Amino acid sequence: MNVKIISNLFLTISFLGGMGAAFGYPLSDKDLSEARKGFHTQLVMDTLEPDGKADTPPKEIFNTVHYPSAVGPLVAYISPDPKDEKRHPAVVWAHGGYGGIGDFFWEPQDEDNDQSARAFREAGIVMMVPSWRGENDNPGKFEMFYGEVDDLHAAREYLAKLPYVDPKRIYVAGHSTGGTMALLANEYRAGFRAAFSLGGIPDLKVRLDAGPTAVGPSFNTRNPQEFYLRSPRTFITHIKSPTFYFEGEESYWDEELKTMKDDALGAQVPFYAHSIPYGDHFTIILPITRLIAQKILQDTGESVSIGFSQSEIKKIGQDIKQ
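So for the sequence shown, the numbering used here puts the first residue at 37; every next one is plus one.
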């Protein structure tokens, strides 16, 4: 993941927040999987510069693995077996930015911009950090929120087979581009107990119409269907499990998220969006992931019991302000 890329992305997001741009597409009456049937994305250029071979992590923090996917084996980091003969909850963390995974997942990070998601592994939750097709030294081409969604589910399937993972308690979470991936994955196919999106893009057409992204689209932008199938807002009524969205108030997509919440409420699906007072696209990551980790550890029943109170959200905002 290129930190410069994600920082530049944030500058544009900050500008866009609250603009209330016109939506790209109407709500879909099909889920994402059904809508994608028979469609083949048309890649017209290779816009991504991958990060190269993934760095080797400390063995006590992560193992390096390659999980099978439709385009071949893809590199990922996974928490090692704790050797306690128990099955543990697990999180698939979809990284932010573009390019792949690397040593920023274990090297010390600034608490105001800690994209390592270390809160999960520090809480004793098994953590998988996959890369996607075209990233690092992986096979395949960058598709920008299309084939990568298949990769995310392939990562989940790999994780579910590990003897120290509880396959019924696998969650997906991600930040920025990873937050978009978390939303799309939970609209595409069942398998995640809950999803957590930190600053994902609700509508890709709106985002790209407002200004260029740090890494441009690799697909045919003249075909409206390409945008349609990459925009989480369009499929929000088809989420497969409780889904939680967080963003700092400085970067919050006001109109888009209000519409998503209203659509979800009308369809009686569990989607919840929270604007963090005094927060921005980066300062929310560490405190929110710490809170999510606590909720996951407490979520032990047959059905999901996770929720976030206004007092919890306000406290995070006050902590950020200080």
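From the three backbone atoms N, C-alpha and C, an ideal C-beta is built for every residue, glycine too. Just so you know, these numbers come straight off a predicted model, no measurement behind them.
Rounded to whole angstroms, what's the CA-CA distance from residue i to residue j? Just pull it up for me.
i           : j           : result
residue 133 : residue 92  : 20 Å
residue 166 : residue 213 : 13 Å
residue 344 : residue 80  : 42 Å
residue 14  : residue 140 : Outside the modelled stretch of the chain, which goes from 37 to 358, sits residue 14, for which no answer is possible.
residue 249 : residue 294 : 23 Å
residue 161 : residue 217 : 20 Å
residue 223 : residue 276 : 6 Å
residue 115 : residue 146 : 22 Å
residue 76  : residue 70  : 13 Å
residue 121 : residue 325 : 26 Å
residue 339 : residue 231 : 14 Å
residue 12  : residue 239 : The chain is shown only over 37 to 358; residue 12 falls outside these bounds and no answer can be derived.
residue 355 : residue 215 : 23 Å
residue 127 : residue 74  : 31 Å
residue 333 : residue 180 : 32 Å
residue 198 : residue 142 : 22 Å
residue 188 : residue 351 : 32 Å
residue 112 : residue 102 : 6 Å
residue 62  : residue 144 : 43 Å
residue 110 : residue 98  : 16 Å
residue 358 : residue 72  : 46 Å
residue 159 : residue 331 : 11 Å
With H, G and I counted as helix, E and B as strand and the rest as coil, what does DSSP make of residue i?
i           : result
residue 57  : The predicted model places residue 57 with a pLDDT of 45, which falls under 50 and marks its position as unreliable, so this point remains unresolved.
residue 298 : helix
residue 233 : strand
residue 269 : helix
residue 210 : strand
residue 124 : strand
residue 42  : The pLDDT assigned to residue 42 is 47, lower than 50, so where the model puts this residue is not dependable, and the model offers no usable value.
residue 194 : helix
residue 284 : strand
residue 172 : coil
residue 321 : helix
residue 251 : coil
residue 205 : strand
residue 340 : coil
residue 346 : helix
residue 305 : coil
residue 99  : strand
residue 164 : strand
residue 246 : helix
residue 264 : helix
For residue i versus residue j, is the C-beta distance shorter than 8 Å?
i           : j           : result
residue 227 : residue 129 : no
residue 300 : residue 272 : yes
residue 263 : residue 241 : yes
residue 196 : residue 164 : no
residue 86  : residue 136 : yes
residue 253 : residue 83  : yes
residue 278 : residue 323 : no
residue 203 : residue 236 : no
If residue i sits next to residue j, beta carbons under 8 Å apart, how far is it from one beta carbon to the other, in whole angstroms?
i           : j           : result
residue 208 : residue 169 : About 18 Å separates the two Cβ atoms, so there is no contact after all.
residue 280 : residue 308 : 5 Å
residue 316 : residue 348 : Contact doesn't hold; Cβ gap of about 19 Å is too wide.
residue 205 : residue 125 : 4 Å
residue 89  : residue 172 : 6 Å
residue 266 : residue 182 : 6 Å
residue 234 : residue 178 : So it is not a contact: roughly 22 Å between Cβ atoms.
residue 67  : residue 274 : 4 Å
Could you say which of the options lies nearest to residue i if we only look at CA atoms?
i           : options               : result
residue 311 : 300, 291, 326 and 303 : 291
residue 341 : 297, 229 and 282      : 229
residue 298 : 270, 175 and 258      : 270
residue 119 : 200, 193 and 175      : 200
residue 284 : 274, 74 and 319       : 319
residue 184 : 100, 302 and 219      : 219
residue 104 : 346, 305, 142 and 194 : 194
residue 78  : 303, 260, 331 and 61  : 260
residue 157 : 336, 251, 63 and 96   : 96
residue 65  : 303, 357 and 331      : 303
residue 186 : 154, 221, 159 and 153 : 221
residue 289 : 327, 251, 243 and 247 : 243
residue 346 : 138, 337, 336 and 327 : 327
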